[in-house]
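Structure first, commentary second.
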Amino acid sequence: MTLAISARGLQKTYAATRKTPAKEALKGVDLNIPAGSIFGL
91 MTLAISARGL QKTYAATRKT PAKEALKGVD LNIPAGSIFG L
């Protein structure tokens with residue numbers, strides 16, 4: 091299978107504010123999208 095997009099270990103953390111602590115939205119997410127496919131996120 092040929093991949094159009096491959097991403098490994100994605101992470102996203104939203105910074106803390108005065109009222110809330112930092113929020114981890116993604117941790118270690120892998121994403122593979124085959125060539126020729128239609129994908130919506």
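Residue numbers for the sequence shown follow our numbering, beginning at 91 and rising by one.
The C-beta atom is built at its ideal place from N, Cα and C for all residues, glycine as well.
Practice task
Please list, in chain order, all residues of the same chain as Ala-115 whose beta carbon is under 8 Å from its beta carbon, the five residues on each side excluded.
Solution key: Lys-102, Thr-103, Tyr-104
Handout entry: Residues that Thr-103 bridges to, as DSSP identifies them
Key = Glu-114
Handout entry: Residues near Lys-113 in its chain [Cβ-Cβ closer than 6 Å; skip 5 each side]
Key = Tyr-104
Practice task
Could you check what DSSP says for Arg-98 in three-state terms: helix, strand or coil?
Solution key: strand
Practice task
Taking only the alpha-carbon atoms, compute the straight-line gap between Ile-128 and Ala-94 and give it to the nearest angstrom.
Solution key: 11 Å
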